[in-house]
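Enquirer: Protein chains in written order, with the working numbering: chain E, 1 to 84; chain H, 85 to 461. C-beta: ideal position from N, C-alpha, C; glycine also.
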Amino acid sequence: SALPLNGAARDTDDTMDLVQHYLEHYYNLPKDTKQFVRRKDSSPVVKKIQEMQKFMGLTVTGKLDSDTLEMMRKPRCGIPDVGE
Amino acid sequence: FRTFPGMPKWTKTHLTYRIVNYTLDLPRDAVDSAIEKALKVWEEVTPLTFSRVCEGEADIMISFAVLAHGDFFSFDGPGMVLAHAFPPGPQRFNGDAHFDDDEQWTKDTSGTNLFLVAAHELGHSLGLGHSDNSEALMYPVYNPRTNLARFRLSQDDVNGIQSLYGPPPASPDDPVEPTKSASPKTPAACDPTLSFDAVSTLRGEILFFKDRHVWRKSLRTLEPVFYSISSFWPSLPSGVDAAYEATNKDIVFIFKGNQFWAIRGIEMQAGYPRSIHTLGFPATVKKIDAAIFDKQKKKTYFFVEDKYWRFDEKKRSMDPGFPRQTAKDFPGVGPKVDAVFEAFGFFYFFGGSTQWEFDPNAKKVTHVLKSNSWFHC
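1. Answer yes or no: does any C-beta atom of chain E fall closer than 8 Å to that of H/ALA118?
2. With 8 Å set as the bound, which would you pick, yes or no: does the beta-carbon of E/PRO89 sit closer than that to a beta-carbon of chain H?
3. Roughly how many whole angstroms lie between the Cα atoms of H/ALA346 and H/GLY429?
4. Spell out a yes or no on whether the stretch 279 to 286 of chain H and the stretch 48 to 67 of chain E are touching, meaning 3 or more CB-CB pairs, one atom from each, closer than 8 Å.
5. Check whether the Cβ atoms of H/PHE387 and H/THR410 lie closer than 8 Å to each other.
6. Against chain E, does H/LEU291 count as a neighbour if the rule is that its beta carbon must be under 8 Å from one of theirs?
7. Can you tell me which residues form a DSSP beta bridge with H/LEU286?
8. What does the alpha-carbon distance come out to for the pair H/ASP109 and H/THR190?
9. Quick check: the Cα distance between H/VAL471 and H/PHE293, rounded to an integer number of angstroms?
10. What are the complete beta strand (DSSP E) segments, minimum 3 residues, inside the stretch 331 to 382 of chain H?
11. Taking the alpha helix (DSSP H) that H/ASP241 falls in, what are its first and last residues?
12. Which residues bound the beta strand (DSSP E) around H/ARG102?
13. Can we say the stretch 398 to 406 of chain H touches the stretch 429 to 443 of chain H, given the rule of at least three CB pairs closer than 8 Å?
14. Could you spell out where the alpha helix (DSSP H) holding H/ASP396 opens and where it closes?
15. Does the count of Cβ pairs from the stretch 93 to 107 of chain H and the stretch 214 to 225 of chain H closer than 8 Å reach three?
16. In whole angstroms, give me the CA-to-CA distance for H/GLU261 and H/TRP299.
17. Just the Cα atoms here: how many angstroms apart are H/PHE459 and H/LYS301?
18. Cα-Cα, which of H/SER457, H/ILE119, H/VAL309 is closest to H/SER279?
19. For the beta strand (DSSP E) that H/SER147 lies in, which residues bound it at each end?
20. At least one CB of chain H closer than 8 Å to the CB of E/ILE79: is that the case?
21. Are H/PHE85 and H/ASP240 touching if we call contact CB-CB under 8 Å?
22. Can you tell me whether H/SER265 is buried or exposed, with buried defined as 16 or more other CB within 10 angstroms of its CB?
23. Label H/LYS447 either buried or exposed according to how many other C-beta atoms from any shown protein chain fall within 10 Å of its C-beta, with 16 as the threshold for buried.
24. Nearest by alpha-carbon distance to H/GLY418: which of H/PRO444, H/GLU397, H/VAL449 is it?
25. Confirm, please, whether the CB-CB distance from H/LEU198 to H/GLY244 is below 8 Å.
26. Since I believe H/LYS93 is in contact with H/PRO172 (beta carbons under 8 Å), could you give me their beta-carbon distance rounded to a whole number of angstroms?
27. Any idea if E/MET52 is buried or exposed, counting beta-carbon neighbours within 10 angstroms, 16 or more meaning buried?
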């Protein structure tokens, strides 16, 4: 957006970037789903969030709840969890 | 547990590793021992053995880097991604482990514990993927609350790595099924079918190598004493192929695969392991079966399959006219030799559970014994 983001909007944007990168890198979310991630209810993204929650032993909600976001921020190995 | 797609794994059990560079967060020896300890975690539950090389290419190249560092995955600064590693294979990065030097690497958990992350990454270097078992070492998220003093692989990790390489070879001190014939003392030492990987003298004692252990036998005592190889020489692999003492140098040379190490007493000599091909063996020779130094002639005989080479210790080169058939010059011995050493002017050859006492002057076998006759069972 042309206007500088206010704090809350910038945080949301950062979080979406984090989620986007995490699901692409560790769970094989295809890179062309960029426009969907902002709409959190899109099915490819929901499925990948559920896959990540299941792998990590979290409650499988398909939503970006606090546990899921907290787990995404934890230090970890850079190797993908599924796929090549 | 998971393996990588296609289940890549090493087709050999003896692997080399090299620490290419160091983080400034820790003293070098702390990095060395963290890596050694991390490898031992996997060595203890598989037939795999590891030895360190200090130059050139190794199966597992270990390095510290920041941000973009030449592979396809840049690091991301402090936090988040701590390290990554590549599965087994012949390509450039296969087997390698990279550590993000924007992390604060520590010996404890005040920062990011190097041993813990290295043990995880080396699991990848051996072919394990991530596990969804949160108790497993191969779980993708770093757990700073791991009890380092009582670290153990989870059963999931063990199942995973053994699905690729199987369990460790039964070692003489593993609990064996008590059988009537086994005597109450160390059953392996007096097992009538016992064979040795290698035998060498060492400053008047005799070393009998078997798997990950070595019996030390003084000529002044009846009983051998039983040790793990790693208790003397931590960086020496188990399951060695050959060993001999060059008494004129006070050095024992130990061979495994296409490499050899030099030991003076219990000190590993710097600059080893070296390739056996530096001794003059052709590339067709992949390993040595046995070796012995003839102090009269200052020559070393290397036994490979049913032939042997003669090496001039003074000129440090192979004599021309070799290899020759072992049976031709050592009639009654072999055809294959597991180990050999010299004592009282005789050569003692070992093949399976048989031992041949050979008189090098009379050029004949003078006694045929059990391999473990030196243990006075």
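Expert: Inspection of the coordinates gives the following:
1. no
2. In the structure as shown, chain E begins at 1 and stops at 84. Residue 89 of chain E is therefore absent and cannot be evaluated.
3. 24 Å
4. no
5. yes
6. no
7. H/GLU289
8. 7 Å
9. Past the edges of chain H, shown from 85 to 461, lies residue 471 of chain H, and the structure says nothing about it.
10. 335 to 340, 343 to 348, 374 to 378
11. 239 to 249
12. 98 to 103
13. no
14. Not the alpha helix (DSSP H): H/ASP396 falls in the beta strand (DSSP E), residues 391 to 396.
15. no
16. Interpretation of H/GLU261 is limited by its pLDDT of 40, a score under 50 that renders its predicted location unreliable; the figure taken from the coordinates is listed afterwards. So the alpha carbons of these two residues sit roughly 22 Å apart.
17. 8 Å
18. H/SER457
19. 144 to 149
20. yes
21. yes
22. Note on H/SER265: pLDDT 36, under 50, position unreliable in the model; the coordinate value appears next. Burial call: exposed.
23. exposed
24. H/VAL449
25. no
26. 5 Å
27. buried
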